[in-house]
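A.B. asks: What follows is a structure written as structure tokens; I'll ask about it next.
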Amino acid sequence: MNNYDNLDELQMSVLSEIGNIGAGNAATSLAHILADKVMMSVPVLQIINVSEMATILGGPENELAGILVNMTEDVQGMLLFLLDQEFICMLVNVLMDEHIQSLDEISDIGLSAIMEIGNILSGSYISAISTMTGLNIGLTTPQIAIDMAGAILSYPAAQFGVMGDKLLFIAEDFLSGDSAIKSHLLIMPEPKSLQLIMESLGVC
Amino acid sequence: MSKLVVVGISDQQVACPPDSLITYALGSCVGICLFDTMRRISGLAHVLLPQAINGCNRNEVYKFADTAVEELVKSMESRGCARLHIVAKIAGGANMFATTGRSIGERNIEVVKSELKRLNIRLLAEDTGANYGRTVEFDTQKGSMIIKTAGKGNKIF
Numbered sequence: 116m117n118n119y120d121n122l123d124e125l126q127m128s129v130l131s132e133i134g135n136i137g138a139g140n141a142a143t144s145l146a147h148i149l150a151d152k153v154m155m156s157v158p159v160l161q162i163i164n165v166s167e168m169a170t171i172l173g174g175p176e177n178e179l180a181g182i183l184v185n186m187t188e189d190v191q192g193m194l195l196f197l198l199d200q201e202f203i204c205m206l207v208n209v210l211m212d213e214h215i216q217s218l219d220e221i222s223d224i225g226l227s228a229i230m231e232i233g234n235i236l237s238g239s240y241i242s243a244i245s246t247m248t249g250l251n252i253g254l255t256t257p258q259i260a261i262d263m264a265g266a267i268l269s270y271p272a273a274q275f276g277v278m279g280d281k282l283l284f285i286a287e288d289f290l291s292g293d294s295a296i297k298s299h300l301l302i303m304p305e306p307k308s309l310q311l312i313m314e315s316l317g318v319c
Numbered sequence: 002m003s004k005l006v007v008v009g010i011s012d013q014q015v016a017c018p019p020d021s022l023i024t025y026a027l028g029s030c031v032g033i034c035l036f037d038t039m040r041r042i043s044g045l046a047h048v049l050l051p052q053a054i055n056g057c058n059r060n061e062v063y064k065f066a067d068t069a070v071e072e073l074v075k076s077m078e079s080r081g082c083a084r085l086h087i088v089a090k091i092a093g094g095a096n097m098f099a100t101t102g103r104s105i106g107e108r109n110i111e112v113v114k115s116e117l118k119r120l121n122i123r124l125l126a127e128d129t130g131a132n133y134g135r136t137v138e139f140d141t142q143k144g145s146m147i148i149k150t151a152g153k154g155n156k157i158f
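Sequence order for the protein chains is Y and A. Per my numbering, residue 116 is the first one in the first sequence, and the count goes up by one each step. Per my numbering, residue 2 is the first one in the second sequence, and the count goes up by one each step.
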């Protein structure tokens with residue numbers, strides 16, 4: 116397995132299930148943080164190229180927050196959460212009791228709150244993978260970039276561009292109160308690690 | 002009517018006035034604008050990586066800096082440009098996430114510059130590095146490179 120292109124149907128459904136459980140954990144964590152009920156849609160797993168991904172995210176110049184976490188120990192690779200302006204503002208406003216309306220207004224303390232959210236969300240997905248596979252997976256401290264979608268995506272594109280142009284991503288809607296939050300997660304284990312995950316689950 | 006010719010990732014295009022060339026949201030990628038000052042023909046390439054390493058598809062010549070620059074020069078020469086009159090302006094090569102060690106952006110810039118040197122093309126201007134994305138538009142009439150950013154202002158080179 117060198118490439119996300121040649122995943123078969125069974126492997127795709129395994130990854131979808133990881134996404135499903137991860138999103139369930141994430142929804143529970145978000146509900147705690149927001150002190151509100153958080154519902155989630157069924158996650159959609161897709162393997163697409165960077166340009167298509169940018170289109171899904173509202174065009175290459177659409178401003179987003181990207182939260183990057185690297186996986187370490189048994190599994191190598193990265194998780195990249197792409198959260199839209201509305202979601203970020205809502206989180207900062209609830210957590211920090213602020214009233215911001217755009218990403219330009221985020222304070223440093225707002226940024227660290229977002230990183231903490233990144234920590235919690237990535238932990239939700241990683242514990243899903245760990246529980247299912249029994250693998251030991253560590254996480255690095257999250258890093259955040261607020262910029263154009265295309266520019267943020269250049270990071271995973273370059274990291275994984277050597278093995279093809281495709282990215283593996285999970286789209287997920289969270290519903291809290293009146294607001295529907297779209298979140299996108301790129302989950303990119305290195306080829307060897309992806310194989311290890313599959314083997315640990317008895318899928319080869 | 003002037004057109005905006007869009008250059009995708011790992012892609013290149015050549016255009017003449019009154020059209021403009023544009024490539025959106027460069028992060029660690031580098032945009033290379035070449036301009037023939039006599040014939041006023043311009044080219045823009047958008048490279049993703051410095052060079053192909055083992056296991057890559059070597060046919061993707063526009064994806065890698067070590068092949069894309071020369072390919073763009075060739076495309077321009079086939080449209081009647083002379084190497085002697087081609088000048089360059091480059092942008093991009095940012096490090097979007099604070100990583101340790103040398104970033105892909107830095108290595109992209111390095112390879113693009115050494116390729117320009119090898120091909121005897123003068124680098125007139127650059128807006129490279131830092132940690133933010135850039136959209137690059139090239140005005141083929143004036144030979145100017147317009148940089149647009151999210152929250153970091155716009156610049157003309």
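Heads up, the beta-carbon is just placed ideally off N, CA and C, and yes, glycines get one too.
1) Can you check whether the C-beta of residue 26 of chain A is within less than 8 Å of a C-beta belonging to chain Y?
2) Can you find the residues in the same chain that come closer than 6 Å, C-beta to C-beta, to residue 116 of chain A, ignoring five residues on each side of it along the sequence?
3) Exposed or buried, what is residue 207 of chain Y when buried is set at 16 or more other beta-carbons lying within 10 Å of its beta-carbon?
4) Could you name the residues of the same chain whose beta carbon sits closer than 6 Å to that of residue 23 of chain A, not counting the 5 residues immediately before and after it, in chain order?
5) In chain order, what residues of the same chain have a beta carbon less than 6 Å from the beta carbon of residue 127 of chain A, not counting five sequence neighbours either side?
6) Would you identify the three-state DSSP class for residue 257 of chain Y, choosing helix, strand or coil?
7) Have a look at Y/284, Y/290, Y/202 and flag the residue whose alpha-carbon is nearest the alpha-carbon of residue 171 of chain Y.
8) Would the C-beta of residue 249 of chain Y count as close to the ligand PLP, meaning under 7 Å from any of its heavy atoms?
9) Reducing DSSP to helix, strand and coil, say where residue 189 of chain Y ends up.
10) Using a beta-carbon distance below 8 Å, is residue 116 of chain Y in contact with chain A?
11) Hey, does residue 49 of chain A have any beta-carbon neighbour from chain Y nearer than 8 Å?
12) Please identify, using Cβ separations under 9 Å, the residues of the region 131–146 of chain A that lie next to chain Y, in order along the chain.
13) Can you find a CB in chain Y that lies within less than 8 Å of the CB of residue 97 of chain A?
14) For a contact defined as C-beta to C-beta under 9 Å, what are the partners of residue 269 of chain Y on chain A?
15) Per DSSP, what kind of secondary structure is residue 86 of chain A in: helix, strand or coil?
16) With a CB to CB cut of under 7 Å and the five nearest residues on each side skipped, what residues in its chain are close to residue 145 of chain A?
17) Check whether chain C comes within 8 Å of residue 264 of chain Y, counting only Cβ atoms and requiring the distance to be less than that.
18) Rounded to the nearest angstrom, what separates residue 3 of chain A and residue 167 of chain Y at their Cα positions?
19) Using the beta-carbon count (16 or more within 10 Å), is residue 126 of chain Y buried or exposed?
20) Quick one: list the residues of chain Y neighbouring residue 151 of chain A, beta-carbon separation under 7 Å, in chain order.
21) Given a threshold of 16 other Cβ atoms within 10 Å of its Cβ, counted over all protein chains shown, does residue 248 of chain Y qualify as buried or as exposed?
22) Taking the alpha-carbon positions, what's the residue 263 of chain Y to residue 148 of chain Y distance?
23) Could you tell me the distance, in whole angstroms, from the CA atom of residue 38 of chain A to the CA atom of residue 30 of chain A?
24) Where do the ends of the beta strand (DSSP E) carrying residue 47 of chain A lie?
25) Is the region 236–255 of chain Y in contact with the region 103–122 of chain A, if contact means three or more CB pairs nearer than 8 Å?
26) Compare the C-beta of residue 156 of chain A with all C-beta atoms of chain Y and state if any pair is closer than 8 Å.
27) Do residue 109 of chain A and residue 94 of chain A have their C-beta atoms within less than 8 Å of each other?
28) Taking 8 Å as the CB-CB cut-off, is residue 166 of chain Y touching chain A?
29) Is the distance from the Cβ of residue 134 of chain A to the Cβ of residue 27 of chain A below 8 Å?
30) Output needed for residue 141 of chain Y: all residues of its chain with C-beta closer than 6 Å, excluding positions within five of it in sequence on either side, in chain order.
31) Report the option in Y/310, Y/155, Y/219, Y/241 whose CA atom is closest to the CA atom of residue 255 of chain Y.
32) Here's the rule I'm using: 16 or more other beta-carbon atoms within 10 Å means buried, otherwise exposed. How should residue 81 of chain A be labelled?
33) By the three-class DSSP mapping on this structure, what secondary structure does residue 306 of chain Y have?
34) Kindly indicate which three-state DSSP category residue 318 of chain Y falls into: helix, strand or coil?
35) Within the region 192–238 of chain Y, note down every full beta strand (DSSP E) run reaching 3 residues or more, in order along the chain.
36) Is the beta carbon of residue 63 of chain A less than 8 Å from the beta carbon of residue 265 of chain Y?
C.D. replies: Walking through what the data contain:
1) Position 25 of the second sequence, counting from 1, holds the residue named residue 26 of chain A. Interface with chain Y (8 Å Cβ-Cβ cutoff): residue 26 of chain A is included.
2) Here residue 116 of chain A corresponds to residue number 115 of the second sequence, with the count starting at 1. Closer than 6 Å at the Cβ level, and outside the excluded window around residue 116 of chain A, lie 70.
3) If you number the first sequence from 1, residue 207 of chain Y lands on position 92. Residue 207 of chain Y comes out buried.
4) The residue given as residue 23 of chain A occupies position 22 in the second sequence. Apart from the 5 residues on each side of it in sequence, residue 23 of chain A sits with its Cβ closer than 6 Å to the Cβ of 5, 7, 138 in its chain, given in chain order.
5) One-based indexing of the second sequence puts residue 127 of chain A at position 126. Excluding positions up to five away in sequence, the list reads 91.
6) To locate residue 257 of chain Y, count along the first sequence from 1; it is residue 142. In the displayed model, residue 257 of chain Y falls within coil according to three-state DSSP, outside both helix and strand.
7) Reading the first sequence from its first residue, position 56 is the one you call residue 171 of chain Y. Looking only at Y/284, Y/290, Y/202, the smallest Cα-Cα distance to residue 171 of chain Y is reached by Y/284.
8) Looking at this structure, you won't find the ligand PLP or any other ligand, since it has none at all.
9) For the purposes of this step, residue 189 of chain Y is identified with residue 74 of the first sequence, where counting begins at 1. Residue 189 of chain Y falls in the coil class under three-state DSSP.
10) Indexing the first sequence from 1 puts residue 116 of chain Y at position 1. Low local confidence applies: a pLDDT of 45 at residue 116 of chain Y is under 50, so the model's placement there is unreliable, with the coordinate-based value given in what follows. No Cβ of chain A is located within less than 8 Å of the beta carbon of residue 116 of chain Y.
11) For the purposes of this step, residue 49 of chain A is identified with residue 48 of the second sequence, where counting begins at 1. Residue 49 of chain A counts as touching chain Y.
12) So the close ones are 132, 133, 134, 135, 136.
13) As a working note, residue 97 of chain A is residue 96 in the second sequence. Yes, residue 97 of chain A counts as interfacial toward chain Y.
14) Working through the first sequence from its first residue, we reach residue 269 of chain Y at position 154. Chain A residues near residue 269 of chain Y: 10, 26, 27, 28, 29, 30, 49, 93, 95, 97, 105, 106, 134.
15) Here the question's residue 86 of chain A lines up with position 85 in the second sequence. DSSP places residue 86 of chain A in helix when its eight states are reduced to three.
16) Locating residue 145 of chain A in the second sequence gives position 144, counting from the first residue. Close CB contacts of residue 145 of chain A within its chain, under the 7 Å cut and outside five residues either way in sequence, are with 157, 158 (chain order).
17) Given the protein chain composition of this structure (Y and A), no chain C is represented.
18) Mapped onto the second sequence, residue 3 of chain A falls at position 2. Mapped onto the first sequence, residue 167 of chain Y falls at position 52. Distance between the alpha carbons of residue 3 of chain A and residue 167 of chain Y: 26 Å.
19) Counting from 1 along the first sequence, the entry for residue 126 of chain Y is found at position 11. Answer is buried; the Cβ neighbour count reaches 16.
20) Here residue 151 of chain A refers to the residue found at position 150 of the second sequence. Close partners of residue 151 of chain A in chain Y (Cβ separation under 7 Å): 178, 262, 263.
21) Against the first sequence, residue 248 of chain Y aligns to sequence position 133. Classification of residue 248 of chain Y: buried, given that the 10 Å Cβ count is 16 or more.
22) Residue mapping note: residue 263 of chain Y aligns to position 148 of the first sequence, counting from 1. Residue mapping note: residue 148 of chain Y aligns to position 33 of the first sequence, counting from 1. Their Cα atoms are separated by approximately 27 Å.
23) On the second sequence, position 37 is the one that residue 38 of chain A refers to. On the second sequence, position 29 is the one that residue 30 of chain A refers to. Distance between the alpha carbons of residue 38 of chain A and residue 30 of chain A: 25 Å.
24) The residue given as residue 47 of chain A occupies position 46 in the second sequence. Per DSSP, residue 47 of chain A belongs to the beta strand (DSSP E) from 43–48.
25) No: the two stretches stay apart, fewer than three of their Cβ pairs being nearer than 8 Å.
26) Reading the second sequence from its first residue, position 155 is the one you call residue 156 of chain A. By this cut-off, residue 156 of chain A is not an interface position.
27) What you label residue 109 of chain A is simply residue 108 of the second sequence in a count that begins at 1. What you label residue 94 of chain A is simply residue 93 of the second sequence in a count that begins at 1. Yes, the pair counts as a contact, with Cβ atoms nearer than the cut-off.
28) For the purposes of this step, residue 166 of chain Y is taken as the residue at position 51 of the first sequence. So yes, residue 166 of chain Y belongs to the interface.
29) In the second sequence, residue 134 of chain A corresponds to position 133, counting from 1. In the second sequence, residue 27 of chain A corresponds to position 26, counting from 1. Yes, these two residues count as a Cβ contact at 8 Å.
30) Counted from its first residue, the first sequence places residue 141 of chain Y at position 26. 236, 239.
31) Position 140 of the first sequence, counted from the start, is the residue given in the question as residue 255 of chain Y. For residue 255 of chain Y, the nearest C-alpha among the options comes from Y/241.
32) As a position in the second sequence, residue 81 of chain A is number 80, starting the count at 1. It is exposed - the Cβ of residue 81 of chain A has fewer than 16 other Cβ atoms within 10 Å.
33) On the first sequence, position 191 is the one that residue 306 of chain Y refers to. In this structure, residue 306 of chain Y counts as helix in the three-state DSSP scheme.
34) Numbered from 1 along the first sequence, position 203 holds the residue referred to as residue 318 of chain Y. Correct three-state label for residue 318 of chain Y: coil.
35) Taking only runs of at least 3 residues, the beta strand (DSSP E) segments lying wholly in the region 192–238 of chain Y are 192–199.
36) On the second sequence, position 62 is the one that residue 63 of chain A refers to. On the first sequence, position 150 is the one that residue 265 of chain Y refers to. Cβ atoms of residue 63 of chain A and residue 265 of chain Y: not closer than 8 Å.
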